[in-house]
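Numbering-wise (my numbering), the sequence shown opens with residue 2 and increments by one.
All C-beta atoms, glycine included, are put in the ideal place defined by N, C-alpha and C.
All of these numbers come straight from a predicted model, not from anything done at the bench.
Read the structure below first, then the notes.
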Amino acid sequence: MDDLTGFQRDLLYVIAGADQPSGQDIKEEIETYYSSDINHGRLYPNLDTLVNKELVEKGELDRRTNYYAISDEGYEAIEERRDWESQYVDV
Numbered sequence: 002m003d004d005l006t007g008f009q010r011d012l013l014y015v016i017a018g019a020d021q022p023s024g025q026d027i028k029e030e031i032e033t034y035y036s037s038d039i040n041h042g043r044l045y046p047n048l049d050t051l052v053n054k055e056l057v058e059k060g061e062l063d064r065r066t067n068y069y070a071i072s073d074e075g076y077e078a079i080e081e082r083r084d085w086e087s088q089y090v091d092v
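This is how it looks when you write it as structure tokens:
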């Protein structure tokens with residue numbers, strides 16, 4: 002996970018917390034967190050990066066809508082990140 006941007010990590014957490022969200026679902030959730038609009042040109046290339054790194058799986062809901070699901074590798078990356086963070090922050 003050390004090679005991901007903060008935005009990509011945030012996307013990964015959003016996907017992990019949802020049940021096969023569409024790109025639009027992810028966009029709405031991340032816009033709420035960031036309190037600003039996220040354009041498609043930023044969102045989808047970053048989702049593709051997560052898919053290419055095998056942290057997220059991409060499937061098709063219908064011809065126009067894809068869904069995203071966290072992979073086992075994605076869960077493992079989040080767990081490793083949390084372990085690392087817990088060395089420095091005790092919440």
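Residues of its chain near residue i, where Cβ-Cβ distance is below 8 Å and the 5 sequence neighbours each way are ignored
i   : result
P22 : V15, I16, E30, Y68 and Y69
Local Cβ density within 10 Å of residue i, reported as buried at 16 or more and exposed below that
i   : result
L48 : buried
G18 : exposed
L51 : buried
Interface flag, residue i vs chain B, CB-CB below 9 Å
i   : result
R64 : As a matter of chain content, chain B is missing from the structure shown, which is built from one protein chain.
Which of helix, strand or coil DSSP assigns to residue i
i   : result
D38 : coil
Neighbourhood of residue i by C-beta, 7 Å cutoff - its chain only, sequence neighbours within 5 removed
i    : result
K28  : I39 and L44
G146 : Since the first residue of the chain shown is 2 and the last is 92, residue 146 is not available in this structure.
N- and C-terminal bounds of the alpha helix (DSSP H) containing residue i
i  : result
D3 : That residue, D3, is in no alpha helix (DSSP H); it is neither H nor E in DSSP.
Inset, instruction - At 3 residues or longer, and completely inside the segment 45 to 78: list those beta strand (DSSP E) runs for me, N to C. - result: 57 to 63 and 66 to 71
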